[in-house]
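**Q** 933 is the number of the first residue of the sequence shown in my numbering; add one for each residue after it.
Heads up, the beta-carbon is just placed ideally off N, CA and C, and yes, glycines get one too.
Only a predicted model underlies this, so the values are computations on that prediction, with no experimental measurement involved.
Can you read through this structure? Questions will come right after.
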Amino acid sequence: MAVLDILQYPDERLKQLSVEVSNFDTSLQYFINDLLETMYAGPGGVGIAAPQVGYFKRIAIVDVSKNPKLVSNGCMILINPEIKKWEGMKIGREGCMSVPDFTGNVIRAEAIEVHAQNVEGKWQTFSCVGYEARAVQHELDHLDGLLFLDRLVSRRTDLFQRKKYKKK
Ligand SMILES: [Zn+2]
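Below is the structure:
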C-alpha cells in the first residue's frame, strides 16, 4: 500500500472528466487500497476521488464514520456511482485535499440515494443524509471535473482562508 500524491488546485487535470470502470480485477483492488490509505492519511480524511490522485476513473470513497455523532454507512467504496434521488437543500462548509488553503460554503441536497458498484462489480444502493450526503456529492463532483470552488454561492462571501496556525 502507498500514500499517493494529491493533485492540487489550480492543476488543470482536476477539471478532467473521469471514465467508467469496466475491469473489476486485482489491480483495481490494489488501487482502492492505496486510495483508502491516502484518504486516511490526509487531514479530515472523510472522502477522496480517484482523479485527485491523477487516476481518471469513476471511483470515490466516503467514510464519515470516525465521527460517532454522524449518521453513516461506514466506509463506502463507490465505483461508477450515480445519484438517483435528491431531497432538501442545505448550505454547509466544505474543504478538500486538493484545495488545502480554503474552505467554502456550498449548497447541497440534504438526503440522497446513491447507486454504485463495489470492488467486485456488484451494484449497491446507499441512502445518505446530512454530512455524509454532502461528502458523497462533493466526491462525485470530482469525477466530473468540478471542485467545491465551482459551486460557491459567492466567491466574495463564501470562500474562507484556512487558518494554518492556531493563534493563542
Ligand atoms: Zn475534494
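1. What I want to know is whether the C-beta of Cys1060 ends up closer than 6 Å to one or more non-hydrogen atoms of ligand 1.
2. Could you pull the DSSP bridge partners for Met1101 from this structure?
3. According to DSSP, is Lys1100 part of a helix, a strand, or is it coil?
4. Does DSSP put Asp1076 in a helix, a strand or coil?
5. Any heavy atom of ligand 1 closer than 6 Å to the CB of Cys1028?
6. How far does the beta strand (DSSP E) with Ala981 in it extend, from its first residue to its last?
7. Can you tell me which of the three DSSP states Glu1071 falls into?
8. With distances taken between CB atoms, is the gap from Val1003 to Ala1067 smaller than 7 Å?
9. Between Gln961 and the rest of its own chain, which residues show a CB-CB distance below 8 Å, the 5 nearest in sequence each way excluded?
10. Use the C-beta contact count for Phe1080: other C-beta atoms within 10 angstroms, 16 or more gives buried, fewer gives exposed.
11. Give every residue of the same chain whose Cβ lies closer than 7 Å to the Cβ of Gly1020, excluding the five residues on either side of it in the sequence, and list them in chain order.
12. How many angstroms separate the CA atom of Lys1100 from the CA atom of Gln1093?
13. Going by the DSSP bridge assignment, what does Gln1136 pair with across the sheet?
14. Do you know offhand how far Leu968's Cα is from Thr1089's?
**A** So, from the data block:
1. no
2. This structure does not reach residue 1101, given that the chain is present from 933 up to 1100, and the question cannot be answered.
3. Unreliable positioning characterises Lys1100 in this predicted model, as indicated by a pLDDT of 46, which lies under 50. The coordinate reading is nonetheless provided below. Under the three-state reduction of DSSP, Lys1100 is assigned to coil, being neither helix nor strand.
4. coil
5. yes
6. Taken as a continuous stretch (DSSP letters only), the beta strand (DSSP E) holding Ala981 covers 979-981.
7. Helix, per DSSP.
8. no
9. Val1051
10. buried
11. Ala1041, Glu1042, Ala1043
12. Interpretation of Lys1100 is limited by its pLDDT of 46, a score under 50 that renders its predicted location unreliable; the figure taken from the coordinates is listed afterwards. Their Cα atoms are separated by approximately 18 Å.
13. Examination of residue 1136 is not possible in this model, given that the chain is present from 933 through 1100 alone.
14. Looking at the two C-alpha atoms, the distance is approximately 33 Å.
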